[in-house]
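Read the structure below first, then the notes.
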Amino acid sequence: MIRWKSWIASSFWTVWRRRFAVALFGLLVGTSGVAQTEVTFWHSMDSAVETVDALVEAFNASQDEVRVDARFIGSYAEAQTRLLAAYGSADEPVLFQAEIAFFPRLVAEGAVQPLTSLTNGLPADVVNDFVPGLWAYGELDGERYGLPWNSSTPVMYWNVDALRRAGVEPPTTWEAFEATVDALTSRQAQGFVFVGDSWLFEMMVLSLGGRLVDENGVPTLDSAEALRALTLLDELEARGSLAFFGANESTPAILGFVRTRSLMAFASIANWPDIRRFSVAFDVTAGPVPMAPGGAVPLGGAQLVVMGNATAEERDAAFAFWSWLAEPEQLATWVEGSYYIPVRHSVVPLLDAFYAEDPGRAAALSQLELAIPRPRIPEFDAMRGILDEMMERVLRGRTSPEEALAEAQRQALAEVNR
Amino acid sequence: MWRVVGLAGLLGAVGFAVIEGAGRALGVRTAMTPSLWLDGAAFALAGMGLAALYVQAWSRGGWARRVGAALAYVALFPFVTALLGGLAELTFLGGWGYGGFIREALLAGPINLLATFTLELGVVALPLGVVSVTLLLIAARSPRQTA
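Those protein sequences? They're chains A and B, same order as listed.
Sequential numbering from 1 applies to the first sequence in our numbering.
Sequential numbering from 1001 applies to the second sequence in our numbering.
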């Protein structure tokens, strides 16, 4: 009987010891899971999604405290729509890649967190290593909200074989550009394909010496330079030398270029991998855009921002991820995969072989000293749509450049004065 | 045989004129070479070459063989035409010395013409192909006139 009782007692303890051990193990595992901070990262890097995923995987493997969950959520415009839909809800990401014209609006609406206290802790040699214009872009009203990672400038792409056959050189002025486009146009192809995106129109205006918004934040869409840019496009279209596609039609535009139906194009340097994706039957390269004296180019790309809903832990984790991304080795990997401009000086020597392979890859970098920020007023986000629509109306033959620009200016002023 | 091959050449030339006209009307670049004549000749020769290849199947084959040969004619037409256009451009207008030109003429060209025939001008090109091959089938099956 005693034996029997003793057996029951020992079994009882055996079972409970096992249960206790399992519970303790679960608690430890659970605790370690809680200690790892999750950072959801929404990005728009379609043509470099493999590079983003590889970097995120390497970061996650490099430490245990932070786990980044990167999600490609469509183009900048699609990402903007999805962010606005998720804004303030549990679906809102911790880290978001905000296109630079959208960035001021996010700041103005208080949707993102200031990061000044974190960047103030960065060593001076690190801060000084960033390209000043790209580093300054993330600051607004004396606070830092954005972190630089992917920056670009528009460049000119061309079909090397077609220019060689036509016996023309890549144009460096707008007069030469017009003549080259006409010289390349034949029964087989149009000399130039243009996607009616506000950024590319802004590039034309800036390179002619104009601005879309003056230093007081007032729109100047009806400037002489804007008229000259739009008239040039309109005349090329009327002569059949220009293939026009709307702002959301970049894929057919790229296909037209790849199919040799158009021979020159303006686009971001980061579009190069998009072209490479197709089997190009000709040699393609890029160079600086045509430039008038005193001209400039607009910066492009995005800023990484921490959304308002993120906890202090998540914000710090997102910053740790960015700090790792911004190390020279990771930036070099990023540039080689995406073709974006290196945002730190110390990265450039690591890219010598990459740029030597095709000097055209450095076209955007060579324009960096002429690059200026896009207008940093919250209303510019809406002005982009006004510009896209204006180009559609003119280049689809529905109105004259003068009328379209006057109407666009009226709409832009209404946005600013709203 | 020669009657069918000749008709195929004529239909190729007519097809070229229709595609060229439709392309101009709709703002679609359809040209394979800078020359109208070379493009027209490529269309006609492609039609003749393919008809010579399939005329036996059309005239003597069973139902399935005739249909199969007709489908093959329509499917191969853009590739053969573009290949002839590319070869003509490289030969008569220069370019054999440049790898890029050769790739353009022999790779981009066929893809371009296929896209033109299906995506850009499919509404015109596909009915045109069906009508052409039907006429060729009828011509191949009809008894030869004897004196």
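No residue lacks a Cβ here, since even glycine has one placed at the ideal position from N, Cα and C.
Just so it is clear, the structure is predicted and the values come from calculations on it, not from any experiment.
Start-to-end residues for the beta strand (DSSP E) that takes in residue i
i                       : result
residue 339 of chain A  : Residue 339 of chain A -> no beta strand (DSSP E), and no H or E assigned at all.
residue 40 of chain A   : 37–43
residue 294 of chain A  : Segment: none, residue 294 of chain A is in no beta strand (DSSP E) and carries neither H nor E.
residue 102 of chain A  : Segment: none, residue 102 of chain A is in no beta strand (DSSP E) and carries neither H nor E.
residue 287 of chain A  : 284–287
residue 69 of chain A   : 66–72
residue 1117 of chain B : That residue, residue 1117 of chain B, is in no beta strand (DSSP E); it is neither H nor E in DSSP.
residue 56 of chain A   : From DSSP, residue 56 of chain A is part of no beta strand (DSSP E) but of the alpha helix (DSSP H) over 49–62.
residue 195 of chain A  : 192–195
Distance CB(residue i)-CB(residue j) smaller than 8 Å
i                       : j                       : result
residue 283 of chain A  : residue 105 of chain A  : no
residue 1030 of chain B : residue 1088 of chain B : no
residue 302 of chain A  : residue 100 of chain A  : yes
residue 1108 of chain B : residue 281 of chain A  : yes
residue 296 of chain A  : residue 174 of chain A  : no
residue 274 of chain A  : residue 1098 of chain B : no
residue 1092 of chain B : residue 1126 of chain B : no
residue 257 of chain A  : residue 194 of chain A  : no
residue 1081 of chain B : residue 1036 of chain B : no
residue 427 of chain A  : residue 156 of chain A  : Only positions 1 to 418 of chain A appear in this structure, which leaves residue 427 of chain A out of reach.
residue 72 of chain A   : residue 107 of chain A  : no
residue 1131 of chain B : residue 1055 of chain B : no
residue 1129 of chain B : residue 1067 of chain B : no
residue 227 of chain A  : residue 402 of chain A  : yes
residue 166 of chain A  : residue 261 of chain A  : no
residue 259 of chain A  : residue 1042 of chain B : no
Supposed contact pair residue j and residue i - C-beta distance, whole angstroms, cut 8 Å
i                      : j                      : result
residue 343 of chain A : residue 331 of chain A : 7 Å
residue 242 of chain A : residue 184 of chain A : Rounded, the Cβ-Cβ distance is 11 Å, inconsistent with contact.
residue 306 of chain A : residue 94 of chain A  : 6 Å
residue 137 of chain A : residue 115 of chain A : Not quite, the Cβ-Cβ distance comes to about 13 Å (not below 8 Å), so this is no contact.
residue 304 of chain A : residue 324 of chain A : Contact doesn't hold; Cβ gap of about 12 Å is too wide.
As assigned by DSSP and simplified to three states, the class of residue i
i                       : result
residue 156 of chain A  : strand
residue 89 of chain A   : coil
residue 300 of chain A  : strand
residue 248 of chain A  : coil
residue 141 of chain A  : coil
residue 1067 of chain B : helix
residue 1032 of chain B : coil
residue 149 of chain A  : strand
residue 24 of chain A   : Any reading at residue 24 of chain A is ruled out, since the residue's pLDDT is 45, under 50, leaving its predicted position unreliable.
residue 344 of chain A  : strand
residue 242 of chain A  : strand
residue 162 of chain A  : helix
residue 212 of chain A  : coil
Residue-chain proximity (residue i, chain A), Cβ-Cβ < 8 Å
i                       : result
residue 1086 of chain B : no
residue 1108 of chain B : yes
residue 1111 of chain B : yes
residue 1034 of chain B : yes
residue 1049 of chain B : no
residue 1031 of chain B : yes
residue 1015 of chain B : no
residue 1098 of chain B : yes
residue 1041 of chain B : no
residue 1115 of chain B : yes
residue 1101 of chain B : yes
Contact with chain B by residue i, beta-carbon distance below 8 Å
i                      : result
residue 26 of chain A  : Because the pLDDT of residue 26 of chain A is 45, which lies under 50, any placement of that residue in the model is unreliable, and the number read from its coordinates should be weighed accordingly. False, the Cβ-Cβ gap to chain B never drops below 8 Å.
residue 352 of chain A : no
residue 238 of chain A : no
residue 268 of chain A : no
residue 257 of chain A : no
residue 241 of chain A : no
residue 330 of chain A : no
Span of the alpha helix (DSSP H), counted from its first residue to its last, around residue i
i                       : result
residue 182 of chain A  : 174–184
residue 267 of chain A  : Counting along the chain, residue 267 of chain A falls outside any alpha helix (DSSP H), though it belongs to the beta strand (DSSP E) covering 264–268.
residue 388 of chain A  : 380–395
residue 362 of chain A  : Note, residue 362 of chain A: premise wrong, no alpha helix (DSSP H); not H, not E.
residue 1107 of chain B : Per DSSP, residue 1107 of chain B belongs to no alpha helix (DSSP H) and is neither H nor E.
residue 201 of chain A  : 198–207
residue 1094 of chain B : Premise fails: residue 1094 of chain B is in no alpha helix (DSSP H) and is neither H nor E.
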